[in-house]
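Q:
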Amino acid sequence: MHILVTGGAGFIGSHVVRHFLTKYPSSTITNLDCLTYAGNLANLRDVEHLPNYRFVKGDITDGDFLMQLFEKERFDGVIHLAAESHVDRSIANPTAFVVTNVLGTVNLLNAAKASWQSNSEGKRFYHISTDEVYGSLGEEGMFTEETPYAPHSPYSASKASSDHFVRAWHDTFGLPVVISNCSNNYGSFQFPEKLIPLFINNIIQKKPLPVYGKGENIRDWLWVVDHAEAIDLIYHQGKTGETYNIGGHNEWSNIDLIRLLCRIMDNKLGRTSGESEKLITFVTDRAGHDLRYAIDSSKLQRELGWVPSITFEKGVERTVEWYLSHDEWLSNVTSGSYQHYYDEMYGVR
Ligand code: NAD
Ligand code: TYD
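So the mapping is simple: the working numbering equals the position in the sequence shown, first residue as 1, plus 1035.
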């Protein structure tokens, strides 16, 4: 099998690439990534020597390039993660999200369709999406696979749009697709602009922790390694044309999560209890800030037997330990110096 993973140098993508490379040594995994600020080949340093790994630097917004790549490589499957992924950036620059997340996805669909048109037997186009497409919940209820789409941010609107295009290529052209919508991920190799790694880095540096609004918004957190395991199950056993929700039944208000993080960090850094909490600073709320996400992942549990492997407290503790023991990684991504890694490894662009 030859599987194309897009966005494999990013946070979740690097965990997916690592999982597939090590679990399926007889499959070839090609990682296609254009290495934006969020793409970092150092995320794959421990597995890049494996004989079944390939890296292609390329942009999914370039349709001709994708057509040629698919023609040459004859992929058996695609796991599509490449995206602009940060809500705050989507508020600052929405167009980049339309171009990458919508046009980029349509380009990939076109390339897969052209490559598999004579025989799509055994092929699979797996689109990785987010629970944010369902919009925002009040105090009650959970998102199921039947919840109508109601995205609010430019990020979630672009992901919702890409999901619709993936379904359209299935319904109209018979492309063998599958989609999953996952809740907030956390873990190693996450770029420190998202809540958990940003706050870990700020606590290390004793910088303010900017909590949007009153910190009452709720997110449903999942360890990224458990997401990669779910992706493996859905890729191999999910039903074509279906959608699967992925989430850890693990809702936390931002302020409770931040207090937990502060306690763990004080403990690990040998600081006085309560020291990191003093860094909490309430700031102006994010525009259009969704109040609550909560995922009902019972379909995935029932049909494919997936369950998260660790508790949130344990997962956050492991995550904190990882960032504390990877200070070089953290300082490279916060200084931007990781962006030279490609030149060192693969020659000057
Ligand atoms: P990320 O921002 O860490 O990584 C995105 C990767 O895509 C980077 O390596 C980047 O270089 C690459 N990329 C961006 N534009 C590209 C382009 N035009 N061509 C080729 N590569 C490009 O994102 P992430 O957090 O790992 O998210 C991965 C996927 O999972 C996204 O589709 C996201 O919507 C989805 N998702 C994320 C979460 C989460 O909590 N992070 C939750 C659910 C779903
Ligand atoms: P984030 O990690 O950006 O994920 P998403 O917006 O996709 O859920 O944010 C998680 C929550 O934390 C969200 O409610 C916004 C909030 N937040 C802050 O309060 N301060 C911050 O600096 C960031 C980045 C997020």
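Yeah, the Cβ is synthetic: ideal placement off N, Cα and C, and Gly gets one too. Note that the coordinates shown come from a computational prediction; the quantities given were computed from them, not determined experimentally.
(1) Starting from Val1368, follow the alpha helix (DSSP H) in both directions and report where the run begins and ends.
(2) Does the beta carbon of Leu1116 fall short of 7 Å from some heavy atom of ligand 1?
(3) Alpha carbon to alpha carbon, what distance is there between Ala1131 and Ile1269?
(4) Looking at the structure shown, is Val1051 part of a helix, part of a strand, or coil, going by DSSP?
(5) Distance, Cα to Cα, Ile1330 vs Ile1293?
(6) Tell whether a beta-carbon distance below 8 Å holds between Ile1235 and Val1355.
(7) According to DSSP, is Asp1255 helix, strand or coil?
(8) Just list the alpha helix (DSSP H) runs in the segment 1123-1191, keeping only unbroken ones of 4 residues or longer that don't cross its boundaries, in chain order.
(9) Rounded to whole angstroms, how far is the Cβ of Thr1063 from the Cβ of His1115, which I believe are closer than 8 Å?
(10) Between which two residues does the beta strand (DSSP E) carrying Tyr1358 extend?
(11) Near Ile1238, what residues of its chain come up, given a Cβ to Cβ distance below 8 Å and the 5 sequence neighbours on each side ignored?
(12) Buried or exposed for Lys1249, please, with buried defined as at least 16 other CB atoms from any protein chain shown within 10 angstroms of its CB.
(13) Could you name the residues of the same chain whose beta carbon sits closer than 6 Å to that of Val1212, not counting the 5 residues immediately before and after it, in chain order?
(14) Can you list, in chain order, the residues of its chain with a C-beta nearer than 6 Å to that of Glu1251? Leave out the 5 residues immediately preceding and following it.
(15) Quick one, are the C-beta atoms of Ile1290 and Ser1215 less than 8 Å apart?
(16) Just to check, is the beta-carbon of Leu1233 closer than 7 Å to a non-hydrogen atom of ligand 1?
(17) Just checking, does the segment 1270-1284 make contact with the segment 1252-1262 on the three C-beta pairs under 8 Å criterion?
(18) Please list the segments of the alpha helix (DSSP H) lying wholly inside the segment 1082-1130, counting only runs of 4 or more residues, in order along the chain.
(19) Which partner residues does Val1385 have in the DSSP bridge list?
(20) Express the C-alpha separation of Leu1233 and Asp1097 in angstroms, rounding to a whole number.
(21) Rounding to the nearest angstrom, what Cα-Cα distance links Thr1316 and Gln1240 in this structure?
(22) Which of the three DSSP states, helix, strand or coil, is assigned to Arg1384?
(23) Do you know how far the Cα of Leu1335 is from the Cα of Asn1142?
(24) On the three-state DSSP scale, how would you describe His1199?
(25) Compute the Euclidean distance between the alpha carbons of Thr1179 and Thr1275, then round it to the nearest angstrom.
(26) Rounded to whole angstroms, what's the CA-CA distance from Val1122 to Asn1128? Just pull it up for me.
(27) At what residue ranges does the segment 1223-1250 contain a whole run of the beta strand (DSSP E), taking only runs of 3 or more?
(28) Note down, in chain order, each residue of its chain lying with its Cβ closer than 6 Å to the Cβ of Glu1167, except the 5 sequence neighbours on either side.
(29) To the nearest angstrom, report how far apart Phe1105 and Thr1071 are at their CA atoms.
(30) In the DSSP assignment, find the beta strand (DSSP E) that holds Asn1075 and state where it starts and stops.
(31) Where does the unbroken beta strand (DSSP E) through Leu1039 begin, and where does it stop?
(32) Can you tell me whether Asn1154 is buried or exposed, with buried defined as 16 or more other CB within 10 angstroms of its CB?
(33) Where does Arg1298 sit, in a helix, a strand or coil, going by DSSP?
(34) When you compare the CB positions of Leu1056 and Leu1101, do they come within less than 8 Å of one another, or not?
A: To lay it out plainly:
(1) Segment 1362-1370, the alpha helix (DSSP H) holding Val1368.
(2) Within the cutoff, so yes.
(3) So the two alpha carbons sit approximately 29 Å from each other.
(4) In the structure shown, Val1051 falls within a helical segment according to DSSP collapsed to helix, strand and coil.
(5) So the two alpha carbons sit approximately 21 Å from each other.
(6) In this structure, Ile1235 sits near Val1355, with a CB-CB distance shorter than 8 Å.
(7) Note: Asp1255 maps to strand in three-state DSSP.
(8) Complete alpha helix (DSSP H) runs here, min 4: 1129-1132, 1139-1151.
(9) Thr1063 to His1115, Cβ: 17 Å. No contact.
(10) Not the beta strand (DSSP E): Tyr1358 falls in the alpha helix (DSSP H), residues 1347-1359.
(11) Taken in chain order, the residues that qualify are Leu1244, Leu1296, Cys1297, Met1300, Leu1304, Ser1311, Leu1314.
(12) Answer is exposed; the Cβ neighbour count stays below 16.
(13) Excluding five sequence positions before and after Val1212, the CB atoms of its chain that fall closer than 6 Å to its own CB belong to Phe1160, Val1201, His1205, given in chain order.
(14) Beyond the five residues adjoining it in sequence on each side, Glu1251 comes within less than 6 Å, by CB distance, of Ser1288 in the same chain, given in chain order.
(15) The Cβ atoms of Ile1290 and Ser1215 lie no closer than 8 Å to each other.
(16) No, Cβ of Leu1233 sits at least 7 Å from all heavy atoms of ligand 1.
(17) Yes, the segment 1270-1284 is in contact with the segment 1252-1262.
(18) Those alpha helix (DSSP H) runs which fall completely within the segment 1082-1130 and span 4+ residues are 1098-1108, 1122-1127.
(19) Missing from the structure shown is residue 1385; the chain here goes from 1036 to 1384 and no further.
(20) Looking at the two C-alpha atoms, the distance is approximately 32 Å.
(21) The alpha-carbon atoms of Thr1316 and Gln1240 are separated by roughly 15 Å.
(22) Because Arg1384 sits at a pLDDT of 38, beneath the cut-off of 50, its placement in the model cannot be relied upon, and the following sentence gives the value as read from the coordinates. In the structure shown, Arg1384 sits in coil (DSSP, three-state: anything other than H, G, I, E or B).
(23) For Asn1142 and Leu1335, the distance between alpha carbons rounds to 29 Å.
(24) Of the three classes helix, strand and coil, the one that applies to His1199 here is helix, per DSSP.
(25) If you take the alpha carbons of Thr1179 and Thr1275, they lie about 18 Å apart.
(26) Across the structure, Val1122 and Asn1128 are spaced so that their CA atoms are roughly 10 Å apart.
(27) Runs of the beta strand (DSSP E) inside the segment 1223-1250: 1244-1247.
(28) Cβ neighbours of Glu1167 beyond the five flanking positions: Ser1191.
(29) Answer to the nearest angstrom: the Cα atoms are 22 Å apart.
(30) Taken as a continuous stretch (DSSP letters only), Asn1075 belongs to no beta strand (DSSP E), as it is neither H nor E.
(31) Here the beta strand (DSSP E) through Leu1039 covers 1037-1041.
(32) A residue is called buried when at least 16 other Cβ atoms come within 10 angstroms of its Cβ; Asn1154 does not meet this threshold and is exposed.
(33) Of the three classes helix, strand and coil, the one that applies to Arg1298 here is helix, per DSSP.
(34) The answer is no: Cβ separation not under 8 Å.
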